[in-house]
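Presented below is the structure to which this report refers.
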Amino acid sequence: MSDSNRAVMRGTIPSGPFELAYSIEGEGTPALVIGSAVYYPRVFSQSLRQSLKLVFVDHRGFAQPTGAYAASDYTLDVVLDDIDLVRRHLGLEKVIVIGHSGHGYMALEYAKRYPQHVSHVVMIATGPSHSAAHQAATEQYWQESVCPERKARLDADFVGLPAEIEAAPDRRFVTFCVRMGARSWYDHTFDAAPLWEGVHVNMPVFDHLWGEAFRDIDIAQGLDRLDVPVFLGLGRYDYLVAPYATWAPYREQFRDLTVRVFEKSGHTPQFEESALFDAELLQWLSSR
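Residue numbers for the sequence shown follow the working numbering, so the first one is 43 and each next one is one higher.
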C-alpha cells in the first residue's frame, strides 16, 4: 500500500438531519470534491493525490440521515451552506472546488455565493442545465451517433431496468447510472457497478436536485460577478448530459473559462483518461 493510500483521514460532520461523511487524501493545495465520500475517491487517480489534497465530501443526497427530513432540508441553498460548513469545520480558508456531473452546478453556485473562499472552479461532465431543451440536445446527439454496438448495448441493459428499480426503488439513482453505461463510458462495455458499491443514496434529494433544481437552473445568473477561473472538462462520448456545443451561448459570460474535451472519454474523464485529465488540470491550475 502506498503512502497516499495510508494517509487517509475520514470523519463525519453533523448538519441538520444528516451526517456528512468526508475523506481527505493526498498532499498539496486543498480541493473540495463535492458528491459522495465513497464513490468519488474511486474515480480520481492516485497520482492526483500527489499534487492536491483531495477533500471528498458527501452532500445530502449521499449522506446518512440521522432522522426524518423534509423538502426544506435538501434545497440547493441548503446544500451550498453544507459545503461551506465542511470548509469551515476542516479549517480551510480557500479551496479549489470540484464538481462532476450535476455536482458541477453545486461547485459553480458555491463559488458565486462564497467567492472569497474559492480559488478555482472545476466542472467535469456538466451540461448547461437539465432543461427540456438541453435534454433534447442530449437525445439528438445520441440518436445521431453512428455506433450500432453502443445502442444495442443500451437496449440490452435497459431490458432489466424496470424490474431492478421495482426491486430496490430507493437505489434507482445508482441503478440508472449503472444501466446507462453505454451512454456514460467511452468503453460502452464497462461495468460501473463496483464503483457504486456501498454508496448510500437518498432518493428524495436526487429527485429534487436533479429533477427540478438542475432543470430550472440558470447558470448565467451571477457569472458577471464571478471573478474566479473555471475549468470545464467534457468527454467526447458523453451521452448523459447536453453536448459540448450547447455551452456556446454561455461562454462569453464567464470572465475566465477554459474548456477541455477529452477524446476517449464519456461522462467521467478523470477516470477514463486519468493521466491526461490530471496533466490538463494541473497545468491549468498552475497557470491561474
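Glycine included, each C-beta is placed from N, C-alpha and C at the ideal position. Every value quoted in this text rests on a predicted model; they were computed, and no experiment measured them.
Terminal residues of the beta strand (DSSP E) in which residue i lies
i	result
Asp-100	94–100
Ile-261	Careful: Ile-261 lies outside any beta strand (DSSP E) and carries neither H nor E.
For residue i, the residue or residues it bridges with in DSSP
i	result
Arg-302	Gly-275
Pro-347	Residue 347 cannot be examined here, being either before or after the span of the chain that is shown, 43 to 330.
Thr-71	Leu-94
Gly-53	Tyr-64
His-162	Ile-138
Gly-77	Asp-100
Candidates the options, of which the one nearest residue i by Cα
i	options	result
Ser-65	Pro-59, Leu-74, Gln-185	Leu-74
Pro-56	Glu-69, Ser-93, His-131, Ser-89	His-131
Cys-219	Ala-209, Glu-208, Phe-200	Phe-200
Leu-96	Arg-129, Asp-115, Val-120	Arg-129
Arg-257	Gly-68, Thr-168, Val-139, His-159	Thr-168
His-101	Arg-91, Asp-124, Glu-208	Asp-124
Val-247	Pro-83, Gln-185, Phe-60	Phe-60
Val-283	Trp-238, Met-222, Gly-240	Met-222
Lys-306	Gln-295, Leu-318, Thr-300	Leu-318
Trp-227	Ala-113, Ala-110, Gly-308, Ser-78	Gly-308
His-242	Gly-68, Leu-62, Ile-140	Leu-62
Pro-285	Ala-175, Val-160, Ser-328, Arg-52	Ala-175
Val-216	His-230, Trp-238, Thr-231	Trp-238
Asp-266	Ile-166, Lys-154, Ser-78	Lys-154
His-142	Ala-110, Trp-252, Glu-208	Trp-252
Ala-234	Leu-118, Tyr-82, Thr-117	Tyr-82
Tyr-110	His-145, Glu-254, Asn-244	Reading the sequence as shown, one finds Ala at residue 110 and not Tyr. Of the candidates His-145, Glu-254, Asn-244, the one whose C-alpha sits nearest the C-alpha of Ala-110 is Asn-244.
Gly-240	Gly-58, Pro-72, Gln-92, Ala-105	Ala-105
Val-85	Val-160, Ala-149, Glu-314, Leu-324	Glu-314
Asp-229	Leu-196, His-250, Gln-88	Leu-196
Outcome for residue i when other beta-carbon atoms lying within 10 angstroms are tallied against a minimum of 16
i	result
Ala-224	buried
Asp-50	Asp is not the amino acid found at residue 50; the sequence shown has Val there. Val-50 should be labelled exposed.
Gly-275	buried
Asp-45	Note on Asp-45: pLDDT 43, under 50, position unreliable in the model; no value is reported.
Met-43	With a pLDDT of only 37 at Met-43, under the threshold of 50, the placement of this residue in the model should not be trusted; the figure read from the coordinates follows. It counts as exposed.
Pro-311	buried
Val-188	exposed
Glu-186	exposed
Asp-280	buried
Asn-47	Its pLDDT being 49, under 50, Asn-47 is placed unreliably in this model, and the coordinates cannot settle the point.
Gly-103	buried
Asp-260	exposed
Thr-108	exposed
Pro-204	exposed
Ser-329	exposed
Ser-114	exposed
Asp-320	buried
Residue i - containing alpha helix (DSSP H), residue span
i	result
Arg-247	The residue asked about is misnamed: residue 247 is Val in this sequence, not Arg. It spans 245–250 - the alpha helix (DSSP H) in which Val-247 sits, taken as one unbroken run.
Trp-326	316–329
Arg-267	No alpha helix (DSSP H) holds Arg-267; DSSP gives it neither H nor E.
Arg-297	Premise fails: Arg-297 is in no alpha helix (DSSP H) and is neither H nor E.
Ala-290	Ala-290 -> no alpha helix (DSSP H), and no H or E assigned at all.
Arg-84	Here Arg-84 belongs to no alpha helix (DSSP H), and DSSP marks it neither H nor E.
Phe-226	The amino acid at residue 226 is misidentified as Phe; the sequence shows Ser. Where Ser-226 is concerned, the enclosing alpha helix (DSSP H) stretches over 223–226.
beta-carbon residue i near the ligand COA non-hydrogen atom, thresh 7 Å
i	result
Leu-118	Within the structure as shown, the ligand COA is missing, as the structure has no ligands at all.
### Message
Runs of 3 residues minimum, wholly inside the region 106–145: which ones carry the beta strand (DSSP E) assignment?
### Response
Here the runs fully enclosed are 137–142.
#### Entry: Complete runs of the alpha helix (DSSP H) confined to the region 168–220 [at least 4 residues]
Complete alpha helix (DSSP H) runs here, min 4: 174–185, 190–201, 203–209.
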